[in-house]
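Everything below concerns the one structure shown next.
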Amino acid sequence: MIIPKPKKYQELGELSPACTICADEELAFSQKAFKRMVKKIFGVSLACGEGGFAVRYDASLEEEEYRIEGACVYASTLFGAKNGLSSMLQLIKTATREGITLTDARVEDKPDKDFRAFMVDLARQWHDFDVLLGYVDLCYINKIKYLQIHFTDDQSFTYPYLCFPKAATKGRSYTHEEIVYLVEYAHEAAVELIPEFEGIGHSRELIKNCPEEFGNEYDGPMNEKIMCVGKPTTFNNVRLMLTELADTFKYSRYIHVGCDEALHTNWPSCHFCRDYMKRQGIETSLELYAHFAQKIVDMCLALGRTPIVWEGFHKDHNHLISKDAVVMSWENTYQPTPDLLGGDFNIVNAAWKPLYHVPDPKCDWSILGEDFYLYRWDNASDKSVAHGGLTVEPTDRVLGAMICQWECKYEEEHDWIVENLPPFADRVWNVDAHHPKDAFPSVERLTDMQNKVY
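Encoded structure:
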C-alpha cells in the first residue's frame, strides 16, 4: 500500500535490486535525498552504480507526475522524481547490507492538487534545528510539496535578519548559516520552503526589539502587537526584510506575508498613522489595513515571488489586493470562503477544523475523524460562518490545503503529526479517490518510517 494512493497500481511480485542507484543527468540531483532517506530509515548506504535503483528522464511526464517500473522511476522534473522515489521507499520490504527486497510494481501517478503544505510554528515554542530537518524528511515521505515556516510572532522572532540583526530574540533564533543549510537540505529533497514574514499584526517581539523602526507612537497606552504604518521608513524596512527573505530562500516561489488578526483600530491613536491616513486619503483603519496588505503584496510580486496572505482583509477592499496573491482561508470570520472565491482569489484550505493542531483538548480533532474534504471548511466557533461546515463547489481556484501545527512543543506535536500527515496528504493528492479511512490505522511501516526521520 502506497500513501498517497496512486492513480494506477499493479503488483507483479518481488525484486532484489543491488544496493546501488544511478540517474540520468537531468535528474541526477534527486539521488542525494533518496540515499539519505534510505540510510536514515533502513541503515543502508546506497553506492552509485547500475543494477539497483534508477531514475530516468521522460519528457512526456508532467511536473509532479512519475512512473515506476520495477526499481526504476521515470520523471521529467526533480519534483516528479521525488514523488516516485518517495513511493519507492514504501515499496522496499527489507533492506540490509546483504541486499534489498522490493515489491515489483507498476505505478502511474500524479497529484490532483499542487499545493500540499505543512506549517510549523517556531515562534511560540522553540524547536531545535535538527527538528526542522526532520520536517523536511516528513514532507519527503508524504509527498508534501511545501513546508511553511512561521518564524516570527508576538512571542519570539526566530529569523536572523542580517538587515535588522537586533530583531532576533536572544537564545530563541537560528543562525544565518543554519537557515542556508536548511534551504539547501530542502532543495535536495524537492521540498519548497515558504518563509513567513508575519506582517502588520503579531509583531510585538519585532516592535520590542526594533521600536524606532517599527513601533507606533500612541497618544496613550495601547497594544503593541501591530506595526506602525505611518513612519516614513516603515515600508522601506519591510522591503529590506522581504528582499533578504527572497535572496536567502532562493528556490522558493512563495513568501507568506501574514496580514491577519491586526488590531488596526489602534492606528488612529498613533500620530504617524493619522498623518499617513490623511496624506493618502484613507478614512478608516480597516481601509489602512487593506492598504498595508496591498503594499506588502506588491513588494513580493516585484521580487518575482508569489505572496500568500492569511484571510484577514474585508471583502469591501478585495479590489485593492492583487489577484496574483494567494489567500489562506482559515477562520471564515474576516471574510468567508465564498467571498474570496467570488473576488477571484486563488485560495488554500487551511480550515481551523481539522487542519489546525494546538495543545488544547477542545481541539482534539483529526483528519480521519473529521473526514476532511478539500472543498469543506469548519470551525468550532459559532462566530464563524463555517461553524458546522461550509462546502463550496469544486474549483481550480482552491489550489490545495495546508495542515498547521501551532503553539506545540516537539513532544506535543510529534504523535499527532505522524498520525495525521499521511491521510492529509492522501486527501489532497486524491481529492475524491483517496484511501478509505480504515486503511490507515494498520499502516505501521509508514509510521515507523516517519519516526525514524522525525
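This note's numbering puts the first residue of the sequence shown at 2, with every later residue one more than the last. Built from N, CA and C at the ideal position, the CB exists for glycine as well.
Q.
Can you list, in chain order, the residues of its chain with a C-beta nearer than 6 Å to that of Y58? Leave out the 5 residues immediately preceding and following it.
A. The residue you call residue 58 lines up with position 57 of the sequence shown. Beyond the five residues adjoining it in sequence on each side, Y58 comes within less than 6 Å, by CB distance, of D25, E27, L28 in the same chain, given in chain order.
Q: Assess, as a yes-or-no matter, whether the segment 344-354 is touched by the segment 386-405 under the definition of 3 or more beta carbon pairs within less than 8 Å.
A: yes
Q: Scan the segment 280-363 and note each continuous alpha helix (DSSP H) run of 4 residues or more that stays entirely inside, going in chain order.
A: 286-303, 338-343, 353-356
**Q.** Contiguous alpha helix (DSSP H) assignments of at least 4 residues, all confined to the segment 160-193
**A.** 177-189
Q: Would you verify that the beta carbon of L341 is, or is not, closer than 7 Å to some beta carbon of chain C?
A: Any reference to chain C falls outside this structure, which holds one protein chain only.
Q) What do you get for F80, buried or exposed, if any count of 16 or more other CB atoms within 10 angstroms of its CB means buried? A) Against the sequence shown, residue 80 aligns to sequence position 79. The residue in question, F80, is buried, as its Cβ has 16 or more Cβ neighbours within 10 Å.
Q. Exposed or buried, which one is S31 when buried takes at least 16 other CB atoms within 10 Å?
A. Indexing the sequence shown from 1 puts residue 31 at position 30. It is buried - the Cβ of S31 has at least 16 other Cβ atoms within 10 Å.
**Q.** Residues near D113 in its chain [Cβ-Cβ closer than 7 Å; skip 5 each side]
**A.** Counted from its first residue, the sequence shown places residue 113 at position 112. Excluding sequence neighbours, D113 sits near W430, N431, V432.
Q. Around the Cβ of H272, are there at least 16 other Cβ atoms within 10 angstroms (buried) or fewer (exposed)?
A. Locating residue 272 in the sequence shown gives position 271, where the first residue counts as 1. H272 comes out exposed.
Q: Just list the alpha helix (DSSP H) runs in the segment 193-232, keeping only unbroken ones of 4 residues or longer that don't cross its boundaries, in chain order.
A: With a minimum length of 4 residues, the continuous alpha helix (DSSP H) runs that stay inside the segment 193-232 are 205-210, 212-215.
(Q) With the cut-off set at 7 Å, would you say L287 and H320 are in Cβ contact? (A) Walking along the sequence shown from the start, residue 287 turns up at place 286. Walking along the sequence shown from the start, residue 320 turns up at place 319. No, the pair does not count as a contact, with Cβ atoms beyond the cut-off.
Q: From the DSSP output, in three-state form, read off Q126 for me.
A: The residue you call residue 126 lines up with position 125 of the sequence shown. Reduced to three states, the DSSP call for Q126 is coil.
Q: At 3 residues or longer, and completely inside the segment 398-453: list those beta strand (DSSP E) runs for me, N to C.
A: 399-406
Q | Where Q32 sits in the DSSP three-state scheme | A | For this step, residue 32 is matched to residue 31 along the sequence shown. Q32 falls in the helix class under three-state DSSP.
Q. Can you check whether the CB of A168 is closer than 7 Å to the CB of E158?
A. One-based indexing of the sequence shown puts residue 158 at position 157. One-based indexing of the sequence shown puts residue 168 at position 167. Glu is not the amino acid found at residue 158; the sequence shown has Phe there. In this structure, A168 lies closer than 7 Å to F158 by Cβ.
Q. Whose C-beta lies closer than 7 Å to the C-beta of C73 among residues of the same chain, with five residues either side of it excluded?
A. Within the sequence shown, the letter at position 72 stands for residue 73. Same-chain partners within the cutoff: A55, R57.
Q) Cβ of E193 within 7 Å of Cβ of G259? A) What you label residue 193 is simply residue 192 of the sequence shown in a count that begins at 1. What you label residue 259 is simply residue 258 of the sequence shown in a count that begins at 1. No, the Cβ-Cβ distance between E193 and G259 is not below 7 Å.
Q: Any chance you could list the alpha helix (DSSP H) runs of at least 4 consecutive residues sitting entirely within the segment 76-161, in chain order?
A: 79-92, 130-143
Q) Does the pairing of the segment 182-191 with the segment 247-257 give three or more beta-carbon distances under 8 Å? A) yes
Q: Using only alpha-carbon positions, find the residue among Y147, V108, R98, I101 that is nearest to V121.
A: Taking the first residue of the sequence shown as position 1, residue 121 is located at position 120. Among Y147, V108, R98, I101, the Cα nearest to that of V121 belongs to Y147.
Q) Assuming A19 and G52 make a contact with CB atoms under 8 Å, what is their CB distance in whole Å? A) Translated into positions along the sequence shown, residue 19 becomes position 18. Translated into positions along the sequence shown, residue 52 becomes position 51. Their Cβ separation, rounded to whole angstroms, is 4 Å, which keeps A19 and G52 in contact under 8 Å.
**Q.** Proximity winner among K296, Y374, K171, N84, relative to A326 (alpha-carbon distances)
**A.** The residue you call residue 326 lines up with position 325 of the sequence shown. Considering only alpha carbons, the answer is K296.
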